[in-house]
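Novice: The sequence shown begins at 1 in UniProt numbering and counts up by one. Heads up, the beta-carbon is just placed ideally off N, CA and C, and yes, glycines get one too. Note that the coordinates shown come from a computational prediction; the quantities given were computed from them, not determined experimentally.
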Amino acid sequence: MTVNVPVVLGGAGLECAYAGSPAELVRRLTARERVAAQPWFASDCEATDLRLPGNPHHARFFVGEAARMPVMERVQQALERVIAQALQNSNLDEASLCDPDLRVYLAGHGMRPDYGDFAGYENRNDEEDRLYFPEKLKGLNISSYAQDELAHRLAARYRLASPPVPIYTASCSAMSSLYLAWQAIRSGFARRALVAGWMQYTLQDIVFMGGQGVLSVGNSQPFSAQSGGMLPADGACALLLEAGDEPLGVTTSPRIHIASCVSYQSSGEAGGAMTADFRGIATTMERAIEAAGLKPEDIACVVPHANGAPASDKSEAMAMLKIWGKNGVPVVTYKAQTGYMSVCSGLLDLIVISDALVKQEVVSAQTQLPFDDTLQVDVHANRDVLPLAGGPILKTTLGLDGSVIACVLTHGPLSGGLHELRGSC
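1. Excluding the 5 residues flanking Ser224 on each side, which residues of the same chain have their C-beta closer than 7 Å to its C-beta?
2. Hey, out of Ala17, Ala259, Leu97, Gly402, whose CA is closest to Arg191's CA?
3. Give me, in chain order, the residues of the same chain whose beta-carbon lies closer than 8 Å to that of Arg51; leave out the 5 immediate sequence neighbours on both sides.
4. Going by DSSP, what residues sit across from Gly235 in a beta bridge?
5. Tell me, please, which residues DSSP counts as bridged to Thr397.
6. Restricting to Cα atoms, I'd like to know which of Val5, Ser312, Lys335 is closest to Gly213.
7. Using DSSP's beta-bridge definition, name the partner residues of residue 430.
8. Leaving out five residues before and five after Pro9 in sequence, what residues of the same chain have Cβ atoms less than 6 Å from its Cβ?
9. Give the DSSP-derived three-state secondary structure of His411 in the structure shown.
10. Grouping DSSP H, G and I as helix and E and B as strand, with all else coil, what is Arg68?
11. Identify, in the order they occur along the chain, each residue of the same chain with its Cβ nearer than 6 Å to the Cβ of Arg383, setting aside the five sequence neighbours on each side.
12. Where does Gly271 fall in DSSP's three states?
13. Cα-Cα, which of Gln265, Pro392, Thr284, Leu240 is closest to Pro91?
14. Could you compute how far the alpha carbon of Ala19 sits from the alpha carbon of Pro56?
15. Among Gln376, Thr283, Pro330, Thr374, which has the Cα closest to the Cα of Asp298?
16. Is the beta carbon of Val7 sitting closer than 9 Å to the one on Gly188?
17. Assuming Ala17 contacts Arg103 under a Cβ cut-off of 8 Å, what Cβ separation, rounded to an integer in Å, is found between them?
18. For His419, I'd like the list of residues in its chain whose CB is within less than 6 Å of its CB, leaving aside the five on either flank, ordered along the chain.
19. What do you get for Pro304, buried or exposed, if any count of 16 or more other CB atoms within 10 angstroms of its CB means buried?
20. Note down the Cα distance separating Val343 from Ile258, rounded to an integer number of angstroms.
21. Considering just the uninterrupted stretch of the beta strand (DSSP E) at residue 428, what are its terminal residues?
22. What residue does the alpha helix (DSSP H) around Cys45 start on, and which one ends it?
23. Per DSSP, which one or two residues make a beta bridge with Cys261?
24. Pull up the CB-CB distance for Ala300 and Ala156, whole angstroms please, since I reckon it's below 8 Å.
25. Taking Val35 and Gly325 to be in contact with their CB atoms under 8 Å, please state how far apart those CB atoms are, rounded to whole angstroms.
26. Here's the rule I'm using: 16 or more other beta-carbon atoms within 10 Å means buried, otherwise exposed. How should Glu80 be labelled?
27. Between Met318 and Val332, what straight-line distance do the alpha-carbon atoms span, to the nearest angstrom?
28. Does Lys335 pass the burial test, meaning 16 or more other C-beta atoms within 10 Å, or should it be called exposed?
29. Going by Cα to Cα distance, which pick from Ile185, Arg74, Met209, Val71 is closest to Asn307?
30. Using the Cβ count rule (16 or more neighbours within 10 Å means buried), how would you classify Val217?
31. Would you identify the three-state DSSP class for Leu180, choosing helix, strand or coil?
32. Three or more C-beta pairs closer than 8 Å, one from the stretch 396-403 and one from the stretch 170-183: is that the case here?
33. Have a look at Leu203 and Val75 and give me their C-alpha separation to the nearest angstrom.
34. Taking 9 Å as the threshold (C-beta atoms), are Val26 and Ile351 in contact?
35. From Glu73, Leu347, Gln85, Ala86, pick the residue whose C-alpha is nearest to that of Ala151; which is it?
36. Using a 10 Å radius around the Cβ and a threshold of 16 neighbouring Cβ atoms, would you call Ala47 buried or exposed?
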């Protein structure tokens with residue numbers, strides 16, 4: 001079996017509240033536009049009844065007919081559209097998905113009912129619920145929410161040689177999937193991998209995160225003391241990974257290399273992304289840099305998880321301070337503009353990073369709130385583009401389960417990287 005096969009990013013697909021394609025994502029960020037968001041509840045009284053500190057804002061994507069569709073059909077159609085985009089952007093057709101050397105990884109929260117559809121019936125066993133909401137109650141069965149049903153459907157739809165691997169976690173699952181896909185190609189187990197995921201927030205997400213105090217009421221901005229928390233956003237995305245030793249011209253994808261990808265798990269540690277330990281984050285960053293054969297000073301830019309939740313943002317700031325010192329490396333985050341797509345936010349960032357490495361410049365973020373100077377983070381915002389001068393970009397993602405993923409991306413291959421480094425504590 002071949003070992004240390006170089007891995008490159010292939011085509012990408014995206015449909016979310018902010019943009020309908022990777023090209024539109026980059027265009028809107030370049031134009032410094034912000035996602036349209038609305039309050040989750042129709043009135044502030046509803047939020048108060050649920051003991052939430054305010055009426056959180058939300059960037060909806062599944063609206064109109066899509067919102068009325070059964071969840072399985074809704075998600076499948078969204079994934080098929082972004083997969084089609086990813087194939088087109090790699091100059092591939094659907095037949096390429098039948099290749100026995102291809103693996104598919106599904107990321108997301110899994111098939112989940114909306115708590116609001118049955119909360120009243122659960123609490124009161126009320127006859128009126130059965131009278132006025134019969135279809136919603138009848139839909140609460142395994143055929144509607146089987147975790148593996150979507151994988152079976154996609155396997156049949158694309159005639160996959162191997163069934164998709166579903167990875168459903170509270171956060172970070174897209175990057176966890178990417179880590180597995182990277183390892184599969186790197187080890188020679190596969191020549192191509194497709195990572196696809198989706199996110200649609202439900203009432204139970206809003207109640208849970210609102211109870212944790214990490215939802216904003218129109219004031220979400222990473223690394224700002226005035227940030228109220230994250231801005232939830234819905235959407236779907238897909239990303240192809242390919243073996244980088246193919247001759248040029250096999251696909252039209254730019255040769256953006258994933259020089260390293262490191263997974264770190266804080267096993268048994270309380271907290272997670274809400275109260276992440278900066279030491280685990282710093283360790284993961286350092287191992288990703290080392291695995292790529294680089295030093296911290298070689299990194300041209302860091303794209304952190306940074307979702308606007310003050311506690312986790314502070315942990316990431318402390319991790320960067322530990323490695324680079326005060327304002328020691330440019331940092332870019334766009335979640336104040338795009339919203340936070342939770343389990344898929346990492347793939348969205350990789351789309352922007354790929355474009356930045358091709359153009360050798362990073363689009364500046366656009367912000368409205370002042371940054372917290374005590375964090376000592378050099379956030380590249382409200383400025384001209386950041387020139388990369390050939391330097392690599394470090395991307396990190398956090399999970400509620402205590403997981404941290406970090407990867408180094410470069411325009412072209414690096415010599416001396418791709419060491420096996422994986423840790424836990």
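Specialist: According to the structure data:
1. Along the sequence shown, one-based indexing puts residue 224 at 224. Excluding positions up to five away in sequence, the list reads Leu369, Pro370, Phe371, Asp372.
2. As a first step, residue 191 must be located in the sequence shown, where it is residue number 191. Checked all of Ala17, Ala259, Leu97, Gly402; the closest Cα to Arg191 is Leu97.
3. What you label residue 51 is simply residue 51 of the sequence shown in a count that begins at 1. Excluding five sequence positions before and after Arg51, the CB atoms of its chain that fall closer than 8 Å to its own CB belong to Gly211, given in chain order.
4. Here the question's residue 235 lines up with position 235 in the sequence shown. Beta-bridge pairing links Gly235 to Cys16, Met199.
5. As a working note, residue 397 is residue 397 in the sequence shown. Answer is Ile405.
6. Position 213 of the sequence shown, counting from 1, holds the residue named residue 213. Closest by C-alpha distance to Gly213, out of Val5, Ser312, Lys335, is Ser312.
7. Lying outside 1 to 425, the shown extent of the chain, residue 430 is not represented and no answer is given.
8. Counting from one through the sequence shown, the residue named residue 9 turns up at place 9. It is Leu, not Pro, that sits at residue 9 in the sequence shown. Correct list, in chain order: Ile256, Ser354.
9. Position 411 of the sequence shown, counted from the first residue, corresponds to residue 411. Assignment of His411 by DSSP, reduced to helix, strand and coil, places it in the strand class.
10. Start at 1 with the first residue of the sequence shown, and residue 68 comes out as number 68. Judged by DSSP in its simplified three-state form, Arg68 adopts helix.
11. As a first step, residue 383 must be located in the sequence shown, where it is residue number 383. Ser364.
12. Taking the sequence shown and counting its residues from 1, the one referred to as residue 271 is at position 271. For Gly271, the pLDDT reaches just 49, beneath the cut-off of 50, and the residue's location in the model is therefore unreliable, although a value from the coordinates is still provided. Gly271 falls in the coil class under three-state DSSP.
13. As a position in the sequence shown, residue 91 is number 91, starting the count at 1. This sequence places Asn at residue 91; Pro is not what is there. That would be Leu240, whose Cα lies nearest to the Cα of Asn91.
14. The sequence position of residue 19 within the sequence shown is 19, counting from 1. The sequence position of residue 56 within the sequence shown is 56, counting from 1. The alpha-carbon atoms of Ala19 and Pro56 are separated by roughly 21 Å.
15. On the sequence shown, residue 298 is found 298 positions in, with the first residue counted as 1. Put simply, of Gln376, Thr283, Pro330, Thr374 the residue whose alpha carbon is nearest the alpha carbon of Asp298 is Pro330.
16. The residue labelled residue 7 in the question sits at position 7 within the sequence shown. The residue labelled residue 188 in the question sits at position 188 within the sequence shown. With contacts defined as CB atoms closer than 9 Å, Val7 and Gly188 fail to qualify as a contacting pair.
17. For this step, residue 17 is matched to residue 17 along the sequence shown. For this step, residue 103 is matched to residue 103 along the sequence shown. Not a contact, Cβ separation roughly 29 Å.
18. Residue 419 sits at position 419 when you count from the first residue of the sequence shown. Confidence in His419 is poor, its pLDDT being 42 and thus under 50, which makes the residue's placement too unreliable to answer from.
19. On the sequence shown, residue 304 is found 304 positions in, with the first residue counted as 1. Buried is the call here.
20. One-based indexing of the sequence shown puts residue 343 at position 343. One-based indexing of the sequence shown puts residue 258 at position 258. If you draw a straight line from the Cα of Val343 to the Cα of Ile258, it is about 20 Å long.
21. Nothing about residue 428 can be read from this structure; the chain reaches only from 1 to 425.
22. The residue you call residue 45 lines up with position 45 of the sequence shown. Residues 44-49.
23. Translated into the one-based positions of the sequence shown, residue 261 becomes position 261. Bridge partners of Cys261: Cys407.
24. Your numbering for residue 300 matches position 300 in the sequence shown. Your numbering for residue 156 matches position 156 in the sequence shown. Their Cβ separation, rounded to whole angstroms, is 44 Å, which puts Ala300 and Ala156 out of contact at 8 Å.
25. Stepping through the sequence shown from its first residue, residue 35 is reached at position 35. Stepping through the sequence shown from its first residue, residue 325 is reached at position 325. Between Gly325 and Val35 the Cβ distance is about 33 Å, and since that is not below 8 Å, they are no contact.
26. Numbered from its first residue, the sequence shown carries residue 80 at position 80. Here Glu80 is buried: its Cβ has 16 or more other Cβ atoms, across all protein chains shown, within 10 Å.
27. Residue numbering aside, residue 318 sits at position 318 when the sequence shown is read from its first letter. Residue numbering aside, residue 332 sits at position 332 when the sequence shown is read from its first letter. Rounded to the nearest angstrom, the two C-alpha atoms are 16 Å apart.
28. Reading the sequence shown from its first residue, position 335 is the one you call residue 335. The residue in question, Lys335, is buried, as its Cβ has 16 or more Cβ neighbours within 10 Å.
29. Taking the sequence shown and counting its residues from 1, the one referred to as residue 307 is at position 307. The candidate whose alpha carbon is nearest that of Asn307 is Met209.
30. Sequence index remark: in the sequence shown, residue 217 carries index 217 (1-based). In this structure Val217 is buried. Its beta-carbon is surrounded by 16 or more other beta-carbon atoms within 10 angstroms.
31. Locating residue 180 in the sequence shown gives position 180, counting from the first residue. Helix at Leu180.
32. Counting Cβ pairs under 8 Å, three or more are found: they touch.
33. Within the sequence shown, numbered from 1, the residue matching residue 203 stands at position 203. Within the sequence shown, numbered from 1, the residue matching residue 75 stands at position 75. About 17 Å.
34. As a first step, residue 351 must be located in the sequence shown, where it is residue number 351. As a first step, residue 26 must be located in the sequence shown, where it is residue number 26. Yes, the pair counts as a contact, with Cβ atoms nearer than the cut-off.
35. Position 151 of the sequence shown, counting from 1, holds the residue named residue 151. Among Glu73, Leu347, Gln85, Ala86, the Cα nearest to that of Ala151 belongs to Glu73.
36. Counting from 1 along the sequence shown, the entry for residue 47 is found at position 47. Around the C-beta of Ala47, 16 or more other C-beta atoms lie within 10 Å, and the residue is accordingly described as buried.
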